[in-house]
Amino acid sequence: MTEQPDEHWMRMAIVQAREAGAEGEVPVGAVLVRNGEVLARDRNRRERLNDPTAHAEMLVITTAAAALDSWRLLDTTLYVTLEPCSMCAGAIVLARVPRVVYGASDPKAGAGGSVLDLLRHPRLNHRADVRGGVLADECGGLLVEFFASRRRAAKTTRSSS
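Its first residue numbered 16, the sequence shown is counted upward by one per residue in this note's numbering.
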(Lines of atoms letter the chains of each structure in order from A; the text may use other names.)
(Lines give C-alpha, C1' and ligand atoms only; values in the text may rest on other atoms or scores of the structure.)
Protein backbone atom coordinates (compact mmCIF):
# COMPACT_ATOMS: atom_id res chain seq x y z
CA MET A 16 0.00 0.00 0.00
CA THR A 17 1.43 3.37 -1.01
CA GLU A 18 1.63 6.06 1.63
CA GLN A 19 -0.51 9.15 1.04
CA PRO A 20 1.15 12.61 0.90
CA ASP A 21 -0.30 13.75 4.25
CA GLU A 22 1.14 10.71 5.99
CA HIS A 23 4.50 11.22 4.28
CA TRP A 24 4.84 14.81 5.49
CA MET A 25 3.49 13.95 8.94
CA ARG A 26 6.24 11.35 9.30
CA MET A 27 8.72 14.14 8.68
CA ALA A 28 7.06 16.18 11.43
CA ILE A 29 7.26 13.13 13.72
CA VAL A 30 11.03 13.02 13.20
CA GLN A 31 11.16 16.63 14.40
CA ALA A 32 8.95 15.77 17.38
CA ARG A 33 11.24 12.88 18.36
CA GLU A 34 14.22 15.25 18.23
CA ALA A 35 12.37 17.71 20.46
CA GLY A 36 11.68 14.98 23.00
CA ALA A 37 15.32 13.89 22.96
CA GLU A 38 16.26 17.50 23.74
CA GLY A 39 13.88 17.61 26.73
CA GLU A 40 11.26 19.63 24.88
CA VAL A 41 7.62 18.64 24.59
CA PRO A 42 7.74 16.42 21.49
CA VAL A 43 5.93 18.46 18.86
CA GLY A 44 7.24 18.82 15.33
CA ALA A 45 6.08 20.76 12.30
CA VAL A 46 6.78 20.90 8.57
CA LEU A 47 5.55 23.55 6.13
CA VAL A 48 5.24 22.39 2.53
CA ARG A 49 4.48 24.14 -0.75
CA ASN A 50 4.13 22.33 -4.07
CA GLY A 51 5.79 19.20 -2.72
CA GLU A 52 8.79 21.12 -1.36
CA VAL A 53 9.66 21.60 2.30
CA LEU A 54 9.90 25.31 3.09
CA ALA A 55 10.66 24.79 6.78
CA ARG A 56 10.77 22.10 9.43
CA ASP A 57 11.32 22.53 13.14
CA ARG A 58 10.31 21.40 16.60
CA ASN A 59 9.39 22.88 19.94
CA ARG A 60 12.29 24.88 21.38
CA ARG A 61 10.70 26.71 24.32
CA GLU A 62 13.11 25.31 26.90
CA ARG A 63 16.23 25.78 24.81
CA LEU A 64 15.37 29.33 23.75
CA ASN A 65 13.60 30.34 26.98
CA ASP A 66 10.86 31.63 24.71
CA PRO A 67 7.19 30.86 25.35
CA THR A 68 6.44 31.48 21.66
CA ALA A 69 8.98 28.95 20.36
CA HIS A 70 6.38 26.38 19.37
CA ALA A 71 7.16 24.26 16.32
CA GLU A 72 4.44 25.96 14.26
CA MET A 73 5.65 29.47 15.08
CA LEU A 74 9.23 28.58 14.16
CA VAL A 75 8.32 27.09 10.78
CA ILE A 76 6.05 30.01 9.94
CA THR A 77 8.86 32.47 10.68
CA THR A 78 11.44 30.46 8.73
CA ALA A 79 9.17 30.00 5.72
CA ALA A 80 8.15 33.68 5.64
CA ALA A 81 11.82 34.66 5.60
CA ALA A 82 12.61 32.12 2.87
CA LEU A 83 9.72 33.36 0.71
CA ASP A 84 10.33 37.01 1.60
CA SER A 85 6.61 37.27 2.32
CA TRP A 86 4.42 37.02 5.39
CA ARG A 87 1.69 35.48 3.24
CA LEU A 88 2.25 31.73 3.15
CA LEU A 89 -0.15 31.07 0.31
CA ASP A 90 -0.40 27.64 -1.33
CA THR A 91 1.17 25.93 1.68
CA THR A 92 0.23 23.11 4.01
CA LEU A 93 1.34 23.01 7.62
CA TYR A 94 1.86 19.55 9.12
CA VAL A 95 2.10 19.44 12.90
CA THR A 96 2.07 16.48 15.26
CA LEU A 97 -0.25 18.16 17.80
CA GLU A 98 -3.33 20.27 17.17
CA PRO A 99 -2.25 23.94 17.24
CA CYS A 100 -2.87 26.04 20.34
CA SER A 101 -4.59 29.43 20.14
CA MET A 102 -1.29 31.31 19.70
CA CYS A 103 -0.22 29.11 16.81
CA ALA A 104 -3.70 29.07 15.27
CA GLY A 105 -3.70 32.86 15.35
CA ALA A 106 -0.34 32.96 13.58
CA ILE A 107 -1.57 30.43 11.00
CA VAL A 108 -4.58 32.62 10.25
CA LEU A 109 -2.46 35.78 10.05
CA ALA A 110 0.06 34.05 7.74
CA ARG A 111 -2.82 32.92 5.48
CA VAL A 112 -1.78 29.25 5.61
CA PRO A 113 -4.58 27.62 3.62
CA ARG A 114 -4.30 24.07 4.95
CA VAL A 115 -3.39 22.54 8.30
CA VAL A 116 -2.92 18.84 8.95
CA TYR A 117 -2.34 17.71 12.51
CA GLY A 118 -1.80 14.39 14.23
CA ALA A 119 -3.03 14.23 17.82
CA SER A 120 -5.92 16.31 19.07
CA ASP A 121 -5.33 18.52 22.10
CA PRO A 122 -8.41 18.37 24.35
CA LYS A 123 -6.89 20.88 26.80
CA ALA A 124 -5.64 23.63 24.48
CA GLY A 125 -6.45 22.74 20.86
CA ALA A 126 -7.58 25.62 18.67
CA GLY A 127 -8.22 23.56 15.55
CA GLY A 128 -11.58 22.26 16.71
CA SER A 129 -11.06 20.57 20.09
CA VAL A 130 -11.41 23.48 22.53
CA LEU A 131 -11.65 26.37 20.09
CA ASP A 132 -11.77 26.55 16.33
CA LEU A 133 -9.75 29.62 15.47
CA LEU A 134 -8.54 28.03 12.26
CA ARG A 135 -12.07 28.06 10.84
CA HIS A 136 -13.71 30.85 12.80
CA PRO A 137 -16.32 32.53 10.59
CA ARG A 138 -15.58 36.04 11.90
CA LEU A 139 -11.89 35.95 10.97
CA ASN A 140 -10.60 37.12 7.61
CA HIS A 141 -8.97 33.79 6.76
CA ARG A 142 -10.05 30.21 7.37
CA ALA A 143 -7.89 27.16 6.87
CA ASP A 144 -8.92 23.75 5.63
CA VAL A 145 -8.15 21.44 8.57
CA ARG A 146 -7.53 17.71 8.68
CA GLY A 147 -6.90 16.18 12.08
CA GLY A 148 -6.00 12.69 13.19
CA VAL A 149 -3.25 11.90 10.68
CA LEU A 150 -1.03 9.29 12.34
CA ALA A 151 -2.71 10.37 15.58
CA ASP A 152 -1.72 7.27 17.56
CA GLU A 153 1.95 7.71 16.79
CA CYS A 154 1.88 11.46 17.40
CA GLY A 155 -0.07 11.10 20.63
CA GLY A 156 2.11 8.22 21.76
CA LEU A 157 5.17 10.49 21.71
CA LEU A 158 3.42 12.88 24.07
CA VAL A 159 2.10 10.16 26.36
CA GLU A 160 5.56 8.59 26.69
CA PHE A 161 7.26 11.95 27.20
CA PHE A 162 4.98 12.97 30.07
CA ALA A 163 5.00 9.46 31.60
CA SER A 164 8.79 9.61 31.60
CA ARG A 165 8.67 13.00 33.32
CA ARG A 166 6.30 11.66 35.98
CA ARG A 167 8.55 8.62 36.57
CA ALA A 168 11.58 10.87 36.94
CA ALA A 169 9.75 13.14 39.37
CA LYS A 170 8.57 10.16 41.41
CA THR A 171 12.10 8.76 41.55
CA THR A 172 13.45 12.13 42.65
CA ARG A 173 10.81 12.45 45.39
CA SER A 174 11.33 8.90 46.68
CA SER A 175 15.11 9.31 46.88
CA SER A 176 14.84 12.53 48.89
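Glycine is no exception: its CB is placed at the ideal position from the N, C-alpha and C atoms.
My parser needs the alpha helix (DSSP H) runs of 4 or more residues fully inside the region 96 to 170; what are they?
101 to 109
What span of residues does the alpha helix (DSSP H) with Val75 cover, start to end?
Ala71 to Leu83
Whole angstroms are fine: how far does the CA of Arg58 sit from the CA of Thr91?
18 Å
Indicate whether the contact test is met: 3 or more Cβ pairs, each with one atom in the region 129 to 141 and one in the region 78 to 87, closer than 8 Å.
no
Should Thr96 go down as buried or exposed, given a rule of 16 or more other Cβ atoms within 10 Å for buried?
buried
Helix, strand or coil, according to DSSP, for Leu38 in the structure here?
One detail in the question is off: residue 38 reads as Glu in this sequence, not Leu. Here Glu38 sits in coil by DSSP.
Helix, strand or coil: how does DSSP classify Glu52 here?
strand
N- and C-terminal bounds of the alpha helix (DSSP H) containing Arg63:
Arg61 to Leu64
Between the C-alpha atoms of Arg142 and Ala151, what's the straight-line distance to the nearest angstrom?
23 Å
Is the beta carbon of Met146 less than 7 Å from the beta carbon of Val116?
The sequence as given places Arg at residue 146; Met does not occur at that position. For Arg146 and Val116, yes; Cβs fall inside 7 Å.
Take the Cβ of Gln31 as the centre, count every other Cβ of all protein chains shown within 10 Å, and call the residue buried at 16 or more, exposed below.
buried
Skipping 5 residues on each side, what residues in its chain have a beta carbon closer than 6 Å to that of Tyr94?
Trp24, Met25, Ala28, Val46 and Val116
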